[in-house]
Each structure stands twice: as C-alpha cells, then as structure tokens.
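Chains as they are written, first to last, in our numbering: chain A, 37 to 343; chain B, 37 to 343.
Protein chains: 2
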Amino acid sequence: MSILVVGSVAFDNITTPSGSVENILGGAATHFALAASFFTEVRVVAVVGDDFTAEHENVLKKRGIDTRGIERASGKTFRWGGRYTDNLNEAKTDFTELNVFEQFQPKIPKEYADTQFLFLANIHPSLQAAVRHEMDGVLLTGGDTMNFWINKTPRELAEMLKLVNVLLINDTEAKMIAHETNLPRAAQKVLALGPQALVIKHGEYGATIFFREGAFGIGRHPFRAPSLPIEEVKDPTGAGDSFAGGFMGYIASQGDINREVLKRALFYGGVMGSFTVERFGTERLQELTREEIDARFQVFRELTHLE
Amino acid sequence: MSILVVGSVAFDNITTPSGSVENILGGAATHFALAASFFTEVRVVAVVGDDFTAEHENVLKKRGIDTRGIERASGKTFRWGGRYTDNLNEAKTDFTELNVFEQFQPKIPKEYADTQFLFLANIHPSLQAAVRHEMDGVLLTGGDTMNFWINKTPRELAEMLKLVNVLLINDTEAKMIAHETNLPRAAQKVLALGPQALVIKHGEYGATIFFREGAFGIGRHPFRAPSLPIEEVKDPTGAGDSFAGGFMGYIASQGDINREVLKRALFYGGVMGSFTVERFGTERLQELTREEIDARFQVFRELTHLE
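#1: What separation, rounded to the nearest whole angstrom, lies between the Cα atoms of T76(B) and F279(B)?
#2: List the whole-angstrom C-beta distance separating P161(A) from E195(A), where the pair is believed to meet the contact cut-off of C-beta under 8 Å.
#3: Quick one: what's got a C-beta closer than 8 Å to P262(B)'s C-beta in the same chain, skipping five residues either side?
#4: Considering only residues of the stretch 217-266 of chain A, which uninterrupted beta strand (DSSP E) runs meet the minimum length of 3 residues and lie entirely inside it, listed in chain order?
#5: Can you grab the Cα-Cα spacing for the pair G179(A) / A301(A), in whole Å?
#6: Round the Cβ separation of G269(B) and N59(A) to the nearest angstrom and send it over; I've been treating them as touching at under 8 Å.
#7: Would a C-beta distance cut-off of 8 Å place K97(B) and T103(B) closer than the cut-off?
#8: Can you check whether the CB of I50(A) is closer than 8 Å to the CB of V78(A)?
#9: Is the shortest distance between the beta-carbon of V84(B) and the beta-carbons of chain A less than 8 Å?
#10: Quick check: what's the CA-CA separation for K146(A) versus A165(A)?
#11: Are any of the Cβ atoms in chain B nearer than 8 Å to that of L168(A)?
#12: With DSSP as the reference, please indicate the residues paired to G173(A) in a beta bridge.
#13: Determine the direct distance from the alpha carbon of I293(B) to that of L342(A), and round the result to whole angstroms.
#14: DSSP puts I39(B) in a beta bridge; with which residues?
#15: Short check: CB of F114(B) to CB of E133(B), under 8 Å?
#16: Buried or exposed: F184(B), going by 16 or more other Cβ atoms within 10 Å of its Cβ?
#17: Would you say P272(A) reaches chain B, if we count a Cβ-Cβ gap shorter than 8 Å as a contact?
#18: Going by beta-carbon coordinates alone, are L321(B) and L70(B) separated by less than 8 Å?
#19: Any idea what DSSP makes of I293(B), helix, strand or coil?
#20: Between I106(A), F246(A), A109(A), which lies nearest to K225(A) when the distance is taken from Cα to Cα?
#21: So the beta strand (DSSP E) F47(A) belongs to, where does it begin and stop?
#22: List, in chain order, every chain B residue whose beta-carbon is nearer than 9 Å to that of V269(A).
#23: Mind checking who D102(A) pairs with in its DSSP beta bridge?
#24: What residue range is occupied by the uninterrupted beta strand (DSSP E) comprising V335(B)?
#25: Return no unless some Cβ of chain B is closer than 8 Å to the Cβ of T181(A).
#26: Please tell me whether I101(A) and S73(A) are closer than 8 Å, where the distance is taken between their beta carbons.
#27: Suppose contacts are defined by Cβ-Cβ distances below 8 Å. Is R248(B) in contact with L227(B) by that definition?
#28: List, in order along the chain, the chain A residues whose C-beta lies closer than 8 Å to that of H238(B)?
#29: Using the Cβ count rule (16 or more neighbours within 10 Å means buried), how would you classify G253(B)?
#30: Enumerate in chain order the residues of its own chain whose CB-to-CB distance from T421(A) is below 8 Å, with the five nearest sequence positions on each side excluded.
#31: For R295(A) and G255(A), what's the separation of their Cα atoms in angstroms?
#32: I'd like to know whether the C-beta of E345(A) is nearer than 8 Å to at least one C-beta of chain B.
#33: Within its chain, find whatever has a CB closer than 8 Å to the CB of V167(B); leave out the 5 residues flanking it on each side and keep chain order.
#34: Helix, strand or coil: which one does DSSP assign to R191(B)?
#35: My output table needs one value for V95(A): the three-state DSSP class, helix, strand or coil.
#36: Check whether the Cβ of T325(A) lies closer than 8 Å to any Cβ atom in chain B.
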C-alpha cells in the first residue's frame, strides 16, 4: 500500500567528528521517503526553492518515489547547519534558514487522495492537523514533533496528538510532553493525549513501542527493539526520520496492523536508522539494497534472540 | 557450583523521589550475594563493625548465604548516604564514612578455597588483584570498578583488568577507561586491556555483552538484553550489583560457559536489577522467589522476541 509523507526537504551543512559536508540533500521528508521506499510506494508533499535541481529530485525518483507533491517556490530551499561533538545524540544548530519553508502550506495533489498511510514529519502541528483532516480516509497516521513545538505551541500540539495513531518521538520529547521523568509513566500520559501507540526512540539503545489499552486489539504490553552498536557513526542526521520511514514503510507494506507487524516494524525502523548514520546525509540510503536491509534485520534479531 | 563475592557491606541513608530511608542494609557484596543466592551457593568476604547485628546477618543466612567470610572488626560498619533526584541513573553522595572498611584486607576462609566462581565487587583494584591471586583455582572471575578507581589508581586498575574474565561496568565507566566516546570502540579497547568479555550496563535500556575475538570459543558478536520499563523506580541503589549477582549466579549455576549461557545470564542480570529498584535497599530481594524471577525472565524475553 502507499504512504504519503509531509515534511521538510532541506540542504544541510553538517560537521561531525568524522568530517564536514556542505549543501547536502537532507530534510525529514527526504530521509523518511528514501527509507520507506525499500518497503512500499512512497509519495511526498514538501516545498523546495530554485536551488533544488533535477539532480536532487533524481535521488528520490531513482528510488521510485512519487515527487509530484513537491512544490517549487521562488527562493531558496530550507537550509540547516549543525554540528555534533562527542555526544552524537545531540546536534548543536549553527544556523536555520527557513527560506521557502517559512510559508509552507502543504498541498496534496489529487492523485494522492487514495493514499492509505500518512506520516506527518516534524512541521508546525497546525499544518500536521490540516493535512490529517484533508486525508481523512487513511488507514493509519504516524507523526513526529520536536521540543520547539512542545514548548511554543502546546495547544496546537494537543490537537495534533488527537489525530495521529502512532507518535514517534525520543525519550526527551516524551518526558517533555508528559511533564514526567519516568519513561513508562511518561508513555502512558502521552498515550492518554490521543495516540494509540507511542514509539520512543532511544538512539543507540534502540526503541520501545507502548500501546494504549486495547489499541489495535493487541493489549498494552510494550515491545522493545534493540539497536546494533555501530563502531563508526559518521553522521546521525536523519536517523530518526529514517527510523520512521522503515517503521511506517514496513507497516504499509503489510497492510494488516497487528502486534507481530508492529514488532517487526520497530526492528526495521532501527535497521534503517543504523544504515543512515554510517555515512553523511542520505548517502547510505541512496546505495542501499533490500538484501542488506534484511541481512541486518537478522543481525538485530540475533542480537537479543534467546533459543 | 559456588561463587564467592568480595566487597562491601554497608548501612545506607537513601533519599529518592519515592521517600527516604536510614541505616538500611546495603553494600555491593550484600546486593550481589542476595541476587546470586537465587541461582547458586554463595559465599561472602567482607568486613562489618559492631553495629552489624545477628538480625542483619540473618538477612543473608535466610537466603542460604555462607557468611563465615564476614569479618567483624571493632568500630562502625561502612556508611553511605546519597540521594537521587529526577535522574534516577545518578546518585549524589551526601556522605561516605568508610569506618572499618578503610582498613579492609580481605581474608579468605580456608573453607572457601574450593570456590569455582569469583566476583570482585567494587573495592580498591589492588585488593581485587590480591584476592584473585589467592583464589587462583577459580574457573571464572568477574569484576566491577568505578570512576574513583579509574581516575585515582589507573595502574592498579590495569593490573586488575588482566585478572578478570568478565568486567561488568556502565557506559560512562567503559568510555572513561577507554578514553573513547563510541561505545563499541570503547568496548574493544577495554577488552584489549584484559577481560575476555565486557558487560556494559545501560541502566533502564538493558545491557550489552561484548566479546574478545575467540573468547570462550564463541566469536565476537555482541549480545544485548533489554530491560523492562519499570513504572515506579523506588530506589536504584544496588541495581548494578544485583545485575552482577544475577549474571554471575546464573553462570555459576550452569557450570558450562558458552554463548547461550552468557546470553541468558545477561537477561537474568537485568531481571535481578529490575526487582531491586522496585523497593528500597534489599527489601525486594529479601522477599523474592525463584518463580517470580523466572516469570519476569519470560517477560523480558517476550519484550524483544520476534516469532
């Protein structure tokens, strides 16, 4: 089945202990779309500027991604610059130039109306809500957010949380939303705000999915997927969006939503995130194969599997 | 088979968001011994003062622990006071009174000479080394250390690391010893210093065991055990020592050391740590049953198990 992602396409300047790159293709929608494209048909709604060339678009097209929803506005594409020092879990932002992204009003092409799965990447929660209302026929909606919206637009975020089936955030964001430092308690508080399932990403430690009682008819026992310890993390940028792409993409590929599918989706999310960090930006995702993905899925499975 | 733990017995004052307790029985050897006692025969070498009563000793004896190695010195038992605020992973020390522990010279009773497994809890690395030399017939030695020894006695620690088969430490300690921020690389550097296996405890995220190439004839692929997300962590004190007790105790109960045993041991370590944090001090371990332990082992297994 098909999945639509709505979010940012960007050009990034990134410095990590492994090196520096400038003006490389990035953005949440880009990473999500590339990761999800290994599992299912992907459509993108985003905005780019004049500096987004056919070559950039081909990165997506080569993976079979439907780019008809990428709007071209006059001006420059969203640009972000950041650096990671020893703590690769946290970026220090050098600059943010919203450019054409500042006026982004997602426009869903008519051809996308039949999309079954929706992912609302990290944009203003009111835009996320508007897209969700427009796509009211979807089977399942996933969403992301960040500390900025949690602090600045709590009411709009609360509205958005009522509209997503699965929220994917990290430990810090979950604790911020819930005003609660204990993770499982924070998870239950977030679930009480709307989502049926909550995926909390723990960076190098993997991720946990928590369920609202009775959600998807599968009870509330959480499930964890470990992450592979990676010896060289070149660039963590986009790992979370790649995780979301693997997670949602796998679910969309299965159609049926049950506990086993969600468990495997959590593993595939971790797998996709682990590939992304091996190279800068989207480099690793661009050259990846489904065979490599499934081989690493087995490695992840073995990592915690008891006979 | 039997296991000997050498380490501290203490009285603790502990404050956490869940409450405060004073003068409760604690210490690394105590937590380790109680946790290991659910799996195998346990012996303890430690020192206590006049304030250590028959009632305290009975906490250990009731679990069948051999306390003949607990030396009674004149003076007060080691006392520690600490508090945890929102970050339950890190204690702030209020006071440390070494008391009789300051002059601790481990004396191994003759009756302990046939012990097959040894655990060197967190004491001065030179004392750990001396015990290991004295117990040179053991099949497997585990050890712990902490930031204080890593900083203050690096040479003595380096000697100790050559004498342990399995080192059990946390993320921060591993990175400190290795002068390396990437966890798998830090692990390989620590393994190059001596241990055949390294267990890195990640607190609420579980633990990973890394192997030196060819160690125990089982190759170097790491293995991870998740931890159960606990809704109420009352008191994290002793969780790491309980982890070690479950891990080493299970190995000692199996006799044979192979990959599957070490994997299960890692799960049992997490299980024991997760029980300890549910109540203050050793309260939970004192009333625990093997049936509860095995039930939680299954829950942990299910937590990451794919069909």
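C-beta: ideal position from N, C-alpha, C; glycine also.
Being a predicted model, the structure only gives us computed values, none of them experimental.
Well, looking at it:
#1: 15 Å
#2: Between E195(A) and P161(A) the Cβ distance is about 7 Å, and since that is below 8 Å, they are a contact.
#3: Y241, G242, G306, F336, L339, T340
#4: 233-237, 243-247, 259-261
#5: 15 Å
#6: In the sequence as displayed, the identity of residue 269(B) is Val instead of Gly. Their Cβ separation, rounded to whole angstroms, is 46 Å, which puts V269(B) and N59(A) out of contact at 8 Å.
#7: yes
#8: no
#9: no
#10: 18 Å
#11: A small fix is needed here, since residue 168(A) is Arg in this sequence, not Leu. Judged by the 8 Å Cβ criterion, R168(A) is not in contact with chain B.
#12: DSSP output for G173(A) lists no bridge partner at all.
#13: 15 Å
#14: V78(B), F153(B)
#15: yes
#16: exposed
#17: no
#18: yes
#19: coil
#20: F246(A)
#21: 46-52
#22: N218
#23: R79(A)
#24: Where V335(B) is concerned, there is no enclosing beta strand (DSSP E), although the alpha helix (DSSP H) it sits in stretches over 326-340.
#25: No - not a single Cβ of chain B is within 8 Å of the one on T181(A).
#26: yes
#27: yes
#28: Y241
#29: exposed
#30: Shown here, chain A extends from 37 to 343; a query on residue 421(A) therefore has no answer.
#31: Per the coordinates, the alpha-carbon of R295(A) lies some 9 Å from the alpha-carbon of G255(A).
#32: Absent from the model: residue 345(A). The displayed extent of chain A is 37 to 343, so no value can be given.
#33: V42, V81, P142, I144, L154, L156
#34: helix
#35: helix
#36: So no, T325(A) is outside the interface.
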